[in-house]
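Engineer: Quick one: the structure is below, and I'll ask about it shortly.
Residue numbers (the working numbering): 1141 to 1599.
Take a look at the structure:
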């Protein structure tokens, strides 16, 4: 890539709500779901081409002013983000503001788009090489806008998981972008109710003093390799056909891709453990909003995430059987997941004692999957200079974490993969994987111009 892409931070400031939060809203109650989630930042990075003839400094100044003014107005609706964590039960909405960082890259956006090196993303967000773990006194929201020499911009939105999950982040970005578009036309901000946050989770799932400790061990110092794999529409269709069985005749896109990655990571792990067969445990992030009766709307802000737990024994497992196990875990979660979480007050419960013992001793392969394929990051994140040409995430603090998201044309899927360096070497050479996925291709900017919703009905 030639000279390494680096970012110089040129400004930092606190953005406060455009008018004070009323006193009766100053003590925001956290929910049980907020309490039991791991305190890390959910970090979405939106990358844009900005096509105009203005000088870079003029363009950057104009974009920065619009981002900050619209963010200030948006914080009047998302006022807890401008406060600080008071204790396990509440957030003090004191209008201290959110951190806004402005940076200048020493290169061009094309350097990243031609080879989307996940390690480069550390330049586009405020955590650098460190894990994005949120401390008690950390800001609840950090934004970094990075401007490239060509005029492109990367906007990193880092929201603390003590309040925000992936769907909540999408709601925030949707509201912020819509406010910026209205602001660009110098009109009063009148947004539809579907874009505005609803704070209902604390009343549905009150905080508790008897919360169980988080069972997963994250180690930010552990060595991690990242990579990106892209599945196009035709390969997804082939994979789903191969993954089908009598039990699951029509696997979803997410099920088929998750099963393939699960199979290939198990193969890599087994090879690096001397060929010894190992059982495995896989967590699938699941949205509780759709599991409630009646379901909560997408704009319900707060943590509404649980995990469906799938597992395998020591023997090698066929792709179709892994899909069946994923479907079984999902159905079990729909029946009992919320009740189990509320009873145990813990994000993850491993029912099988032998599996739990092996998990504690490190004798089992552990994987965690999240899908944001359905989330409208491309469609909603237009601040007035067009939709993003690329959206990605950087949430991984340990190996064996995976995220699936839509490609910029809406017809394919990107898999963001974190593994140990030893496993990644074998995983990225796996021919079964590469029969369906392309290893880190360039971002197709032309496809981003007309984002479709072609995948949404097939997930």
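We treat Cβ as the ideally placed atom computed from N, Cα and C, and that holds for glycine.
All values reported here derive from a predicted model rather than from experimental measurement.
Identify, in the order they occur along the chain, each residue of the same chain with its Cβ nearer than 6 Å to the Cβ of residue 1450, setting aside the five sequence neighbours on each side.
Structural biologist: 1422, 1465, 1466, 1469
Engineer: Determine the closest residue to residue 1454 out of 1540, 1403, 1223, 1316, with distance taken between C-alpha atoms.
Structural biologist: 1403
Engineer: Thinking residue 1145 and residue 1263 are a contact (beta carbons under 8 Å), I'd like their distance in whole angstroms, please.
Structural biologist: 6 Å
Engineer: Residue 1412: which of 1442, 1386, 1505, 1341 sits nearest, CA to CA?
Structural biologist: 1505
Engineer: Could you check whether the stretch 1483 to 1491 touches the stretch 1509 to 1520, counting it as contact only if at least three pairs of C-beta atoms, one from each stretch, sit closer than 8 Å?
Structural biologist: no
Engineer: Quick one: what's residue 1286 bridged to in DSSP?
Structural biologist: 1243, 1294
Engineer: Name the two residues that bound the continuous beta strand (DSSP E) containing residue 1201.
Structural biologist: No beta strand (DSSP E) contains residue 1201, which is instead part of the alpha helix (DSSP H) from 1196 to 1214.
Engineer: Kindly list the residues whose CB is nearer than 7 Å to the CB of residue 1336, restricted to its own chain and excluding five residues on each side of it in sequence; keep chain order.
Structural biologist: The answer, listed in chain order, is 1217, 1315, 1439.
Engineer: Should the stretch 1241 to 1253 be regarded as contacting the stretch 1301 to 1316, the criterion being three or more beta carbon pairs within less than 8 Å?
Structural biologist: Not touching, per the Cβ criterion.
Engineer: Below 6 Å CB to CB, which residues in the same chain sit around residue 1436 once its five sequence neighbours on both sides are set aside?
Structural biologist: Excluding the 5 residues flanking it on each side, residue 1436 has same chain C-beta neighbours closer than 6 Å at 1429, in chain order.
Engineer: Select from 1279, 1154, 1431 the residue whose C-alpha is nearest the C-alpha of residue 1475.
Structural biologist: Taking only the C-alpha atoms, the option nearest residue 1475 is 1431.
Engineer: Starting from residue 1411, trace the alpha helix (DSSP H) in both directions and tell me its first and last residue.
Structural biologist: 1393 to 1412
Engineer: Quick check on residue 1159: buried or exposed, where buried means 16 or more other Cβ atoms within 10 Å of its Cβ?
Structural biologist: exposed
Engineer: What residue does the alpha helix (DSSP H) around residue 1087 start on, and which one ends it?
Structural biologist: Since the displayed the chain opens at 1141 and closes at 1599, residue 1087 lies outside it and no answer follows.
Engineer: Mapping DSSP to helix, strand and coil, what is residue 1158?
Structural biologist: coil
Engineer: Does the structure place the stretch 1282 to 1302 close enough to the stretch 1192 to 1210 that three or more beta carbon pairs sit under 8 Å?
Structural biologist: yes
Engineer: Grouping DSSP H, G and I as helix and E and B as strand, with all else coil, what is residue 1489?
Structural biologist: Looking at residue 1489 - three-state DSSP - the assignment turns out to be coil, as it is neither helix nor strand.
Engineer: Between the beta-carbon of residue 1239 and the beta-carbon of residue 1152, is there less than 8 Å?
Structural biologist: In this structure, residue 1152 lies closer than 8 Å to residue 1239 by Cβ.
Engineer: Should residue 1578 go down as buried or exposed, given a rule of 16 or more other Cβ atoms within 10 Å for buried?
Structural biologist: exposed
Engineer: Whose C-beta lies closer than 6 Å to the C-beta of residue 1154 among residues of the same chain, with five residues either side of it excluded?
Structural biologist: 1237
Engineer: So, helix, strand or coil for residue 1390, using DSSP?
Structural biologist: Looking at residue 1390 - three-state DSSP - the assignment turns out to be coil, as it is neither helix nor strand.
Engineer: At which residue ranges does the stretch 1425 to 1473 contain complete beta strand (DSSP E) runs of 3 or more residues, listed in the order of the chain?
Structural biologist: 1445 to 1452
Engineer: Quick check on the burial criterion: 16 or more other C-beta atoms within 10 angstroms. Buried or exposed for residue 1401?
Structural biologist: buried
Engineer: What are the start and end residues of the alpha helix (DSSP H) that includes residue 1174?
Structural biologist: 1172 to 1176
Engineer: Going by CA-CA distance only, name the one from 1424, 1456, 1434 that's closest to residue 1109.
Structural biologist: Since the first residue of the chain shown is 1141 and the last is 1599, residue 1109 is not available in this structure.
Engineer: How far does the beta strand (DSSP E) with residue 1232 in it reach, from first residue to last?
Structural biologist: 1230 to 1232
Engineer: Checking 8 Å against the spacing of the C-beta atoms, do residue 1241 and residue 1220 come in under that value?
Structural biologist: no
Engineer: Are residue 1302 and residue 1394 close, meaning C-beta to C-beta below 8 Å?
Structural biologist: no
Engineer: Which whole-angstrom value describes the C-beta separation of residue 1346 and residue 1171, a residue pair presumed to lie in contact below a C-beta threshold of 8 Å?
Structural biologist: 7 Å
Engineer: Measure the alpha-carbon distance for residue 1441 versus residue 1340 and round it to whole angstroms.
Structural biologist: 8 Å
Engineer: Consult DSSP for residue 1477 and reduce its assignment to one of helix, strand or coil.
Structural biologist: helix
Engineer: Quickly, what does DSSP pair residue 1263 with across the bridge? List them, please.
Structural biologist: Note: residue 1263 sits in no beta bridge, so no partner.
Engineer: Determine which residues share a DSSP beta bridge with residue 1558 and list them.
Structural biologist: Looking at the DSSP assignment, residue 1558 forms a beta bridge with 1366, 1541.
Engineer: Determine the burial state of residue 1195: buried for a count of at least 16 other Cβ atoms within 10 Å of its Cβ, exposed for fewer.
Structural biologist: exposed
Engineer: When the Cα atoms are used, what is the spatial distance from residue 1331 to residue 1213?
Structural biologist: Going by the C-alpha atoms only, they are around 12 Å apart.
Engineer: If you reduce the DSSP assignment to three classes, tell me which class residue 1146 lands in.
Structural biologist: coil
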